[in-house]
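This note's numbering puts the first residue of the sequence shown at 322, with every later residue one more than the last. The C-beta atom is built at its ideal place from N, Cα and C for all residues, glycine as well.
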Amino acid sequence: MGLLSGAQYWVTVVLSVAAFAVELYALVDCVRRRPDAFTAAGKRTKNFWLLVTGVAAVFGFVVLGSPNSLGIIGIIAVIAAGVYLADVKPALDQVMGRGGGSTQGPYGAW
C-alpha cells in the first residue's frame, strides 16, 4: 500500500502545481491588461479581476504543498482563474485586437 499512497501523493503534487501555474498565469495576464479594456469588453473592472485572480493565486500557493491541495479552497481558486481565462481573457483579446481572426475568411465572415 505504500507504493500506491506514494504515487497518489505525487499525482496530487503535480496537479496542485499545474493548478497554481494556471492561477499565476491568470493573474499575470490580468496585471498586463489596460483598465479601460475591461469596461470596453463589458466585463467587471480590472480591480475586481485583480482581486479575484490574486486571491486565487494566494490560495493556490498556500495549499501547494499540503496533502489536501485539491480540497474545496484549491478547487474554488482554479475555478476563479478558469472563469477569467475562459470568459474575460477572450473578450479582452477581441477588444484589444488580438485573436478572433479564425472566423474571417479572405472575403469576409464565413
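query: C-beta neighbour in chain C for Ala342, strict 8 Å; result: Here there is only one protein chain, and chain C is not present.
query: CB contact flag (Val399, Val349, <8 Å); result: no
query: Stretch-stretch touch, CB-based, cutoff 8 Å, three pairs: the segment 380 to 389 with the segment 364 to 372; result: no
query: Spatial distance of Leu324 from Gln415 (CA atoms); result: 49 Å
query: Nearest-angstrom beta carbon gap, Ala339 and Leu406 [assumed within contact, 8 Å]; result: About 13 Å; that fails the 8 Å criterion.
query: Reduced DSSP category for Lys410 - H, G, I as helix; E, B as strand; rest coil; result: helix
query: Contacts around Val409, its chain only, beta-carbon distance under 7 Å, and the 5 residues preceding and following it disregarded; result: Lys364 and Trp370
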